[in-house]
Amino acid sequence: MEEIGFLGMGIMGKAMAMNLLRHGFKVSVWNRTLSKGFCDELKEHGASVGESPAAVIKKCKYTIGMLSDPAAALSVVFDKDGILEEICSGKGYIDMSTVDAETSSKISEAVKKKGGSFLEAPVSGSKKPAEDGQLVILSAGDKGLYDAILPAFDVLGKKSFFLGEVGNGAKMKLVVNMIMGSMMNAFSEGLVLADKSGLSPNTLLDVLDLGAIANPMFKMKGPSMIQNSYSPAFPLKHQQKDMRLALALGDENAVSMPVAAAANEAFKKARSTGLGDLDFSAVYEIFKGTEPSSA
Numbered sequence: 089m090e091e092i093g094f095l096g097m098g099i100m101g102k103a104m105a106m107n108l109l110r111h112g113f114k115v116s117v118w119n120r121t122l123s124k125g126f127c128d129e130l131k132e133h134g135a136s137v138g139e140s141p142a143a144v145i146k147k148c149k150y151t152i153g154m155l156s157d158p159a160a161a162l163s164v165v166f167d168k169d170g171i172l173e174e175i176c177s178g179k180g181y182i183d184m185s186t187v188d189a190e191t192s193s194k195i196s197e198a199v200k201k202k203g204g205s206f207l208e209a210p211v212s213g214s215k216k217p218a219e220d221g222q223l224v225i226l227s228a229g230d231k232g233l234y235d236a237i238l239p240a241f242d243v244l245g246k247k248s249f250f251l252g253e254v255g256n257g258a259k260m261k262l263v264v265n266m267i268m269g270s271m272m273n274a275f276s277e278g279l280v281l282a283d284k285s286g287l288s289p290n291t292l293l294d295v296l297d298l299g300a301i302a303n304p305m306f307k308m309k310g311p312s313m314i315q316n317s318y319s320p321a322f323p324l325k326h327q328q329k330d331m332r333l334a335l336a337l338g339d340e341n342a343v344s345m346p347v348a349a350a351a352n353e354a355f356k357k358a359r360s361t362g363l364g365d366l367d368f369s370a371v372y373e374i375f376k377g378t379e380p381s382s383a
């Protein structure tokens, strides 16, 4: 496949770009802040480093964006030296950021107006699935671009969905992350309740893992939560952003979401106490009523 551009080298973007490089893809990367270590590590694996989003778009037929939030996703498109300066017929932009449907639609319209093709493709999964190529990719938009980029998606994920028109991928991702955030709050309450009731939280994990509500998130996050360790696989500030966007989607569709609303308040409280850059499981500290002993 031709060289792929990749914009955004955060926790997810860097792991995904590395995956493409390890599987023999040529990749041209860009990040807002280019630290020496970032450049060296990716260059060692064969990446070239672009000076701007526009420079990467100019060089590559297909470019992927993995940005932190709607503001960042819009910035790489519309700002000076952004995507719109070089996108044109025959080039495609794939935005894998988690944003709201309105943001995706704005980007899609701007890209198509310049003659380019657009695909939104947010992912379900955090750092470890990104490193292992086990993401779930939720695509919507240009079907031709989806078919063309599938070889890369097959490396990045274990399953890709095509969900139709632009906005559907964003909506699906927000629903998934809203459920995940609500589950993390219930899980945190349960761990605290077990502990305060004189029960072993570790035994609770064993019992949960054998029952109908067993799931990979509880199994993966539980032990580190009990140890007050929250190395960020998915930062709490991003989880709270997704809860906010999901609640806005609920408002648009007149859907009552009291559980998600309560979970969002817990994440907001966690952010206000300085836990935003830790893993989203650090919301556990709010229910414990203590500060984390280690990051």
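Following my numbering, the numbering of the sequence shown begins with 89 at its first residue and continues without gaps. Ideal Cβ positions, reconstructed from N, Cα and C, are used throughout, including at glycine.
- Non-local C-beta neighbours of phenylalanine 166 in its own chain, meaning closer than 8 Å and more than five positions away in sequence, comprise Leu172, Ala198, ordered along the chain.
- Methionine 266 places its beta carbon 8 Å or farther from that of methionine 184.
- Going by C-alpha positions, glycine 310 is about 9 Å away from leucine 279.
- Leu207 is the residue among Gly299, Leu207, Met260 whose C-alpha sits nearest the C-alpha of glycine 180.
- The C-beta distance from methionine 272 to valine 211 rounds to 18 Å, too long to fall under 8 Å, and the pair is not in contact.
- In this structure the stretch 211–228 lies against the stretch 256–266, because at least three pairs of beta carbons, one per stretch, are closer than 8 Å.
- About 7 Å separates the beta carbon of glycine 93 from that of isoleucine 152, a gap short enough to meet the 8 Å contact definition.
- For asparagine 107, the closest alpha carbon among the candidates Met154, Val243, Ser156, Gly229 is that of Val243.
- With a cutoff of 8 Å on beta-carbon distance, serine 177 and glycine 204 are scored as near each other.
- Using a Cβ-Cβ distance cut-off of 8 Å, the stretch 359–376 and the stretch 314–321 are in contact, since at least three pairs of beta carbons, one from each stretch, lie closer than that value.
- Ranked by Cα distance from methionine 313, the options Lys329, Leu296, Asn290 are led by Asn290.
- Among the bridge pairs identified by DSSP, aspartate 367 is matched with Pro323.
- DSSP places tyrosine 234 within a helical segment (H, G or I) once states are collapsed to three.
- Out of Met97, Lys246, Asp339, Pro323, the CA that lies nearest to the CA of leucine 155 is found in Met97.
- In the assembly as shown, glutamate 132 is an exposed residue. Its beta-carbon has fewer than 16 other beta-carbons within 10 Å.
- Inter-residue distance for isoleucine 374 and lysine 357 is about 7 Å (C-alpha atoms, whole angstroms).
- The beta-carbon distance between alanine 282 and leucine 292, rounded to whole angstroms, is 4 Å. This is short enough to meet the 8 Å contact definition.
- In the three-state reduction of the DSSP assignment, leucine 108 falls in the helix class, which pools H, G and I.
- The Cβ atoms of lysine 147 and glutamate 91 sit closer than 8 Å to each other.
- In the structure shown, threonine 151 falls within a strand segment according to DSSP collapsed to helix, strand and coil.
- DSSP, read as helix, strand or coil, puts leucine 287 in coil.
- In the three-state reduction of the DSSP assignment, alanine 228 falls in the strand class.
- Around the CB of proline 217, 16 or more other CB atoms lie within 10 Å, so the residue is classed as buried.
- The stretch 301–356 contains, as complete alpha helix (DSSP H) runs of 4+ residues, the segments 304–314, 324–340 (chain order).
- For the pair glycine 255 and serine 192, the CB atoms are nearer than the 8 Å cut-off.
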